[in-house]
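Beneath this line is the structure, given in C-alpha cells, with notes to follow.
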Amino acid sequence: MKDQFGTDSLFRSIDLIEPGDLVVYHGTLTDLHGLWLALPCECAVCFRLDALGIADIRFHLVDPWGELSGPMHARRESITRSIASN
Ligand SMILES: [Zn+2]
C-alpha cells in the first residue's frame, strides 16, 4: 500500500512508531534524552487537544524497566524509533 508520497510500506514501517516500541527521545528536555518505551499519551491535556481537533500524535515515554516515568506528550518529531527494537 502506497501513501500520498508514493513510498511503499517498507518505508512506512520504519517510520511508524507503535505502542510499546523502543524509541530514542531527542526533544526539548535534554536531561531526558535516551532510550524509552513509547506509549500513547492518554492524559487530560492530550485528550483536550484531541477534542480541539489538534490531531498530533503524542507519546508518553516510560523507562523500559518500569522504574521511571519519562517525558509526556512527546511529539512524533521528538522521538526516533530505536534500531535496537528490531
Ligand atoms: Zn499528554
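Heads up: the sequence shown begins at 4 in our numbering, then just goes up one per residue. Here a beta-carbon is modelled for each residue, glycine too, at the ideal position from N, C-alpha and C. Please read all numbers here as calculations on a predicted model, not as lab measurements.
Q) For Ala27, is the beta carbon positioned less than 7 Å from some heavy atom of ligand 1? A) Residue 27 sits at position 24 when you count from the first residue of the sequence shown. The sequence given here places Val at residue 27; Ala does not occur at that position. No, ligand 1 has no heavy atom inside 7 Å of this Cβ.
Q: Using beta-carbon positions only, say whether Pro22 and Leu52 come within less than 8 Å of one another.
A: The residue you call residue 22 lines up with position 19 of the sequence shown. The residue you call residue 52 lines up with position 49 of the sequence shown. Their beta carbons are not under 8 Å apart, which means Pro22 does not touch Leu52 by this criterion.
Q.
Distance check for Thr33 and Ala77, CA to CA, integer angstroms please.
A. Taking the first residue of the sequence shown as 1, we reach residue 77 at position 74. Taking the first residue of the sequence shown as 1, we reach residue 33 at position 30. Going by C-alpha positions, Ala77 is about 13 Å away from Thr33.
Q: Can you tell me which of Met75, Gly69, Ser72, Phe62 puts its alpha carbon nearest to the alpha carbon of Arg84?
A: Position 81 of the sequence shown, counted from the start, is the residue given in the question as residue 84. The option with the nearest alpha carbon to Arg84 is Phe62.
**Q.** Which residues DSSP lists as bridging Gly37, in chain order
**A.** As a position in the sequence shown, residue 37 is number 34, starting the count at 1. The partner list for Gly37 (beta bridge, DSSP) reads Tyr28.
(Q) Could you tell me the alpha carbon to alpha carbon distance between Val108 and Met75, rounded to whole angstroms? (A) The structure shown does not extend to residue 108, since the chain is modelled only from 4 to 89, so the question has no answer here.
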